[in-house]
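Enquirer:
In the working numbering, the protein residues as written are 500 to 680.
Here it is, written out as structure tokens:
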């Protein structure tokens with residue numbers, strides 16, 4: 500997984516609530532278990548937008564949805580709320596889902612609509628969103644998930660960070676409960 504430290508890019512507002520996984524990646528394109536190649540089909544019926552509104556990612560638990568979004572080159576989604584499974588799958592795939600109050604999301608959307616070429620900066624280290632000199636918002640993110648994104652660590656990478664502790668435990672445990680080994 501690629502590290503996520505700071506993202507500078509153009510925002511694409513999507514004024515829809517309850518954007519479900521069928522909108523993100525329609526079922527007819529789910530004939531693969533590969534994480535790449537799905538971006539071309541992401542948001543097939545409403546192409547090309549990335550900022551979301553309430554309950555972004557609701558619907559089924561398919562992990563293809565964040566795969567498709569990531570394959571489009573989208574690394575961050577800002578919405579007032581997210582479906583739990585989509586929210587968790589986003590972090591596991593290197594996407595930063597940011598939940599902001601509705602009024603802040605509306606301000607970002609309006610600014611993106613009025614100035615479509617103006618860059619937006621998402622700074623994970625400082626947990627800030629900046630849109631030119633006009634808007635600046637702080638956001639919350641779980642410290643463990645922040646660590647994973649900043650260091651480009653998936654679940655296996657996180658486990659490997661504890662490799663020395665695991666080896667130490669196994670050595671001690673073999674001595675205490677040798678019949679298990």
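Where is the CB? At the ideal position from N, CA and C, for every residue including glycine. This structure is a prediction, so every number in the text was calculated from the model and none was measured.
1. Secondary structure at residue 651, three-state DSSP: helix, strand or coil?
2. DSSP three-state call for residue 574: helix, strand or coil?
3. At the level of alpha carbons, what is the spacing between residue 668 and residue 634?
4. Return yes when the Cβ of residue 567 is within less than 8 Å of the Cβ of residue 509, no when it is not.
5. Which value, in whole angstroms, describes the spacing of the CA atoms of residue 536 and residue 670?
6. Just to confirm, are residue 591 and residue 623 a CB contact at a threshold of 8 Å?
7. Is the CB-CB distance between residue 577 and residue 529 below 8 Å?
8. Would you call the CB atoms of residue 503 and residue 572 closer than 8 Å?
9. Would you report the Cα separation of residue 682 and residue 562, rounded to the nearest angstrom?
10. Start and end of the beta strand (DSSP E) containing residue 598?
Expert: Working from what's here:
1. Counted from its first residue, the chain shown places residue 651 at position 152. Looking at residue 651 - three-state DSSP - the assignment turns out to be coil, as it is neither helix nor strand.
2. Position 75 of the chain shown, counted from the start, is the residue given in the question as residue 574. The answer is coil: DSSP assigns residue 574 none of H, G, I, E or B.
3. Along the chain shown, one-based indexing puts residue 668 at 169. Along the chain shown, one-based indexing puts residue 634 at 135. Answer to the nearest angstrom: the Cα atoms are 49 Å apart.
4. For the purposes of this step, residue 509 is taken as residue 10 along the chain shown, with counting starting at 1. For the purposes of this step, residue 567 is taken as residue 68 along the chain shown, with counting starting at 1. In this structure, residue 567 does not lie closer than 8 Å to residue 509 by Cβ.
5. In the chain shown, the residue the question calls residue 536 occupies position 37. In the chain shown, the residue the question calls residue 670 occupies position 171. Each residue's Cα considered, the two are about 44 Å apart.
6. One-based indexing of the chain shown puts residue 591 at position 92. One-based indexing of the chain shown puts residue 623 at position 124. No, Cβ-Cβ distance for residue 591 and residue 623 is not below 8 Å.
7. Taking the chain shown and counting its residues from 1, one reaches residue 577 at position 78. Taking the chain shown and counting its residues from 1, one reaches residue 529 at position 30. No, Cβ-Cβ distance for residue 577 and residue 529 is not below 8 Å.
8. Start at 1 with the first residue of the chain shown, and residue 503 comes out as number 4. Start at 1 with the first residue of the chain shown, and residue 572 comes out as number 73. 8 Å or more divides the Cβ of residue 503 from the Cβ of residue 572.
9. Summary: the structure shown does not reach residue 682, with the chain confined to residues 500 through 680, and so no result is reported for it.
10. Within the chain shown, the letter at position 99 stands for residue 598. Start and end: 595-598.
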